[in-house]
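Enquirer:
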Amino acid sequence: MTNADRHAEDPFDPDGYGTPGAPGTPGPSQPSPRIPLPRAAAEDDAAYPAVRQEGGGVPAPPTPPLEHPVLKSLLGAWALAACSAEESEAVEEHLGGCGACADEARRLREAVGLLQRPEPLDLDPGLRTRVLASCLERRPPRIPVPEWALSYDAEAARLDALLQDFGDSEWHAPVRLRWFTGERQENRRTTVAGVIAHLHAVDGLVAVALGLDDPLRGGADDVGCGPVARTEFSWRSTRFPHTRTVRAPWRAQAHDIVRTASFTGGSAGGLGVSYGDFELPLRDALLDRAFECWVHADDIAQAVDYPYDPPAPRHLRAMIELAARMLPAALAERRLAGLASPGRTRHLVPAGHPGRSLRLEIEGLGGGEWFIPLDSPAAVGSAEYEVAHVALDGVEFCQLAAGHIAPDDAAAGQVGDREAIRDVLFAAAALSRM
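FYI, the numbering for the sequence shown is 1 to 434, going by this note's numbering.
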């Protein structure tokens with residue numbers, strides 16, 4: 001076997017490239033293969049050959065420009081920033097040359113701006129409450145504030161926060177106190193500082209009941225212990241009008257009241273607090289002071305043109321419940337004074353027995369239903385003896401009980417005995433005082 005035959009049979013050299021004279025090997029009679037020269041720079045401008053798509057197809061043609069009706073239909077999505085990048089680019093390019101679409105796009109953008117609620121610079125008013133609740137949940141207080149003192153603590157803190165940044169002009173801003181007496185509304189003009197002096201003097205009734213110092217320093221013995229007499233004495237006790245200096249003693253007294261009530265462990269809730277012509281247990285007296293704190297804080301906020309929100313729903317409901325419990329006695333007093341219609345029964349309803357009742361429905365936050373006995377303060381309200389139904393918003397009912405709106409002006413839904421409804425609305429207004 002020759003070398004050529006051996007290489008032809010070699011499986012690693014089937015074409016015989018390693019054999020001289022083989023077809024794939026340049027021999028003496030075959031010219032050497034030509035090596036191509038490098039490309040010239042001028043040849044780089046030539047177009048690249050089209051790349052065939054998978055499956056053998058030709059390249060997709062360029063997307064045709066969108067027509068006017070299509071672009072006009074995209075204006076709403078463009079104003080809401082809901083278009084794709086390609087659609088937004090096409091719409092914006094079209095707006096540069098179409099005045100009608102440009103005007104429509106401007107109107108749509110302005111409308112979108114109206115749909116977005118403006119974000120206030122003030123912090124969320126509920127943020128502080130949530131942070132404190134989270135802190136108290138992680139680490140409960142060693143001496144907790146009694147449940148019946150929480151409303152007063154919260155409203156005093158809210159009023160103090162309102163007063164924090166007041167300047168001299170705000171402290172001397174005029175405030176008109178309003179309340180209801182008999183059949184008419186009364187009012188008294190004072191200042192923001194005068195309102196705080198009023199709260200300081202009347203809160204002193206609770207302070208004295210808890211064994212704290214009287215802010216009037218013995219003057220109460222000469223003027224009586226009613227809220228009006230104490231307020232008048234406080235206003236007359238200084239030669240010059242009250243200024244911002246009243247804030248610190250009022251806030252310190254409020255803090256001492258809550259602190260002392262907390263140290264009792266909640267057992268002092270039944271302690272009597274004298275208001276002169278009537279008496280309230282401490283738990284109700286602090287609810288009453290919380291109500292006054294909110295009402296007068298709202299008076300101050302209106303005087304300085306500043307918004308002020310109602311109390312928290314659970315605190316508002318407690319205030320409404322206190323007013324509802326005081327309505328039968330207020331109605332009986334007006335009846336004794338000849339300002340309310342006489343009872344329809346020949347004899348007084350025995351204590352603890354059901355009698356004619358009015359259903360008071362309070363709507364909104366802190367709302368609920370209460371049955372108000374009409375014939376005797378000792379009777380029990382009952383749905384079985386319901387003769388009238390009144391529906392009021394919670395904040396509006398509190399404004400009525402504060403004497404800020406007249407009973408005839410209360411926007412109440414009324415069904416049933418009109419006389420009973422009028423008597424209860426006027427009794428609610430009679431709960432107010434300066």
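Note that the Cβ used here is the ideal one computed from N, Cα and C, for glycine as well.
So E147 is in the beta strand (DSSP E); what residue range does that whole segment cover?
Expert: Residue mapping note: residue 147 aligns to position 147 of the sequence shown, counting from 1. Here E147 belongs to no beta strand (DSSP E), and DSSP marks it neither H nor E.
Enquirer: With a threshold of 16 other CB atoms inside 10 Å of the CB of C135, please say whether the residue is buried or exposed.
Expert: For the purposes of this step, residue 135 is taken as residue 135 along the sequence shown, with counting starting at 1. Exposure of C135 is indicated by the presence of fewer than 16 other C-beta atoms within 10 angstroms of its C-beta.
Enquirer: For Q253, count the other beta carbons within 10 Å of its own beta carbon; 16 or more makes it buried, fewer makes it exposed. Which is it?
Expert: One-based indexing of the sequence shown puts residue 253 at position 253. The residue is buried, with at least 16 neighbouring Cβ atoms inside 10 Å.
Enquirer: Which value, in whole angstroms, describes the spacing of the CA atoms of A410 and E104?
Expert: As a working note, residue 410 is residue 410 in the sequence shown. As a working note, residue 104 is residue 104 in the sequence shown. Roughly 47 Å between the two C-alpha positions.
Enquirer: Can you tell me where the beta strand (DSSP E) with L392 in it begins and where it stops?
Expert: Counting from one through the sequence shown, the residue named residue 392 turns up at place 392. Segment 386 to 393, the beta strand (DSSP E) holding L392.
Enquirer: I'd like the span of the beta strand (DSSP E) that includes L80, first residue to last.
Expert: As a position in the sequence shown, residue 80 is number 80, starting the count at 1. Unbroken run through L80: none, as it is neither H nor E.
Enquirer: May I have the straight-line CA-CA distance separating I300 from D124, to the nearest angstrom?
Expert: Indexing the sequence shown from 1 puts residue 300 at position 300. Indexing the sequence shown from 1 puts residue 124 at position 124. Rounded to the nearest angstrom, the two C-alpha atoms are 21 Å apart.
Enquirer: I'd like the ranges of any alpha helix (DSSP H) spanning at least 4 consecutive residues and lying wholly in the region 132 to 217.
Expert: With a minimum length of 4 residues, the continuous alpha helix (DSSP H) runs that stay inside the region 132 to 217 are 150 to 163, 168 to 171, 192 to 209.
Enquirer: Taking the alpha helix (DSSP H) that F233 falls in, what are its first and last residues?
Expert: Taking the first residue of the sequence shown as position 1, residue 233 is located at position 233. From DSSP, the alpha helix (DSSP H) with F233 extends over 227 to 236.
Enquirer: Which value, in whole angstroms, describes the spacing of the CA atoms of L114 and P215?
Expert: The sequence position of residue 114 within the sequence shown is 114, counting from 1. The sequence position of residue 215 within the sequence shown is 215, counting from 1. Straight-line Cα distance between these residues: approximately 53 Å.
Enquirer: Which class does I405 belong to by DSSP, given the choice of helix, strand or coil?
Expert: Numbered from 1 along the sequence shown, position 405 holds the residue referred to as residue 405. Three-state result, I405: coil.
Enquirer: Quick one, are the C-beta atoms of W235 and A290 less than 8 Å apart?
Expert: In the sequence shown, residue 235 corresponds to position 235, counting from 1. In the sequence shown, residue 290 corresponds to position 290, counting from 1. It is not a contact, given that the beta carbons lie outside the stated cut-off.
Enquirer: Taking Cβ positions only, does V258 come closer than 8 Å to chain C?
Expert: The structure shown contains no chain C; it is built from a single protein chain.
Enquirer: Within 10 angstroms of the Cβ of D277, are there 16 or more other Cβ atoms? Answer buried if so, exposed if not.
Expert: Residue 277 sits at position 277 when you count from the first residue of the sequence shown. So D277 counts as exposed.
Enquirer: Using 10 angstroms around the beta-carbon of A330, count the other beta-carbons present and answer buried if the total reaches 16, otherwise exposed.
Expert: Here residue 330 is taken as the residue at index 330 of the sequence shown, counted from 1. Buried, because 16 or more other Cβ atoms sit within 10 Å of the Cβ of A330.
Enquirer: Who are R359's beta bridge partners in DSSP?
Expert: The sequence position of residue 359 within the sequence shown is 359, counting from 1. According to DSSP, R359 bridges with F371, H389.
Enquirer: Can you tell me the Cα-Cα spacing of Y308 and A412, whole angstroms?
Expert: Translated into the one-based positions of the sequence shown, residue 308 becomes position 308. Translated into the one-based positions of the sequence shown, residue 412 becomes position 412. For Y308 and A412, the distance between alpha carbons rounds to 24 Å.
Enquirer: Beta-carbon within less than 6 Å of L66's beta-carbon, same chain only, minus the 5 sequence neighbours each way: which residues are those?
Expert: The residue labelled residue 66 in the question sits at position 66 within the sequence shown. Excluding positions up to five away in sequence, the list reads A90.
Enquirer: Please name the residue in I372, R247, L108 whose C-alpha comes closest to that of D423.
Expert: Stepping through the sequence shown from its first residue, residue 423 is reached at position 423. The shortest Cα separation from D423 among I372, R247, L108 belongs to I372.
Enquirer: Where does H242 land, buried or exposed, given buried means 16+ other C-beta within 10 angstroms?
Expert: Along the sequence shown, one-based indexing puts residue 242 at 242. With 16 or more other Cβ atoms within 10 Å, it is buried.
Enquirer: Relative to the alpha-carbon of E279, which residue among S169, E86, V206, R359 has its alpha-carbon at the smallest distance?
Expert: Position 279 of the sequence shown, counting from 1, holds the residue named residue 279. Nearest option by C-alpha distance: V206.
Enquirer: Would you give the residue range spanned by the beta strand (DSSP E) that L331 belongs to?
Expert: Taking the first residue of the sequence shown as position 1, residue 331 is located at position 331. Premise fails: L331 lies in the alpha helix (DSSP H), 313 to 336, not in any beta strand (DSSP E).
Enquirer: Have a look at the DSSP bridge pairing and note the partners of V380.
Expert: Locating residue 380 in the sequence shown gives position 380, counting from the first residue. V380 is bridged by DSSP to P354.
Enquirer: Round the Cβ separation of A155 and W294 to the nearest angstrom and send it over; I've been treating them as touching at under 8 Å.
Expert: The sequence position of residue 155 within the sequence shown is 155, counting from 1. The sequence position of residue 294 within the sequence shown is 294, counting from 1. Ala is not the amino acid found at residue 155; the sequence shown has Glu there. Yes, they are in contact, since the Cβ atoms of E155 and W294 sit about 5 Å apart, within 8 Å.
Enquirer: Rounded to a whole number of angstroms, what is the C-alpha to C-alpha distance between P174 and D305?
Expert: Along the sequence shown, one-based indexing puts residue 174 at 174. Along the sequence shown, one-based indexing puts residue 305 at 305. Each residue's Cα considered, the two are about 12 Å apart.
Enquirer: Quick test of your reading: S84 and A318, contact by CB under 8 Å. State the CB separation rounded to the nearest angstrom.
Expert: Position 84 of the sequence shown holds residue 84. Position 318 of the sequence shown holds residue 318. Not confirmed; about 56 Å, so no contact.
Enquirer: Just to confirm my understanding: we take G194, look at its own chain, exclude 5 residues before and 5 after, and list those with CB closer than 8 Å. What are they?
Expert: Along the sequence shown, one-based indexing puts residue 194 at 194. Answer for G194: V175, W235, P241, H242, listed in chain order.
Enquirer: May I ask you to list the residues that DSSP assigns as paired with V273?
Expert: Walking along the sequence shown from the start, residue 273 turns up at place 273. DSSP lists L280 as partners of V273.
Enquirer: Please state the DSSP three-state secondary structure of A22.
Expert: Locating residue 22 in the sequence shown gives position 22, where the first residue counts as 1. Residue confidence for A22 is low, a pLDDT of 48 falling below 50, so the modelled location carries little weight; the figure read from the coordinates is stated next. DSSP places A22 in coil when its eight states are reduced to three.
Enquirer: So, are the CB atoms of I320 and F397 less than 8 Å apart?
Expert: As a first step, residue 320 is located in the sequence shown; it is residue number 320 there, counting from the start. As a first step, residue 397 is located in the sequence shown; it is residue number 397 there, counting from the start. In contact: I320 and F397 (Cβ atoms closer than 8 Å).
Enquirer: Beta strand (DSSP E) containing Q414: first to last residue?
Expert: Locating residue 414 in the sequence shown gives position 414, where the first residue counts as 1. Where Q414 is concerned, the enclosing beta strand (DSSP E) stretches over 413 to 416.
Enquirer: Taking only three categories from DSSP, how would you classify H255?
Expert: Residue 255 sits at position 255 when you count from the first residue of the sequence shown. Taken through DSSP and simplified to helix, strand or coil, H255 comes out as helix.
Enquirer: Between the C-alpha atoms of V395 and Q185, what's the straight-line distance to the nearest angstrom?
Expert: For the purposes of this step, residue 395 is taken as the residue at position 395 of the sequence shown. For the purposes of this step, residue 185 is taken as the residue at position 185 of the sequence shown. Rounded to the nearest angstrom, the gap between the Cα atoms of V395 and Q185 is 19 Å.
Enquirer: Return helix, strand or coil for D103, following the three-state DSSP convention.
Expert: Along the sequence shown, one-based indexing puts residue 103 at 103. Three-state DSSP puts D103 in a helix.
Enquirer: Buried or exposed for S357, please, with buried defined as at least 16 other CB atoms from any protein chain shown within 10 angstroms of its CB.
Expert: To locate residue 357, count along the sequence shown from 1; it is residue 357. Classification for S357: buried.
Enquirer: Tell whether a beta-carbon distance below 8 Å holds between S162 and A268.
Expert: Taking the first residue of the sequence shown as 1, we reach residue 162 at position 162. Taking the first residue of the sequence shown as 1, we reach residue 268 at position 268. At residue 162 the sequence reads Leu, which differs from the Ser that was named. In this structure, A268 does not lie closer than 8 Å to L162 by Cβ.
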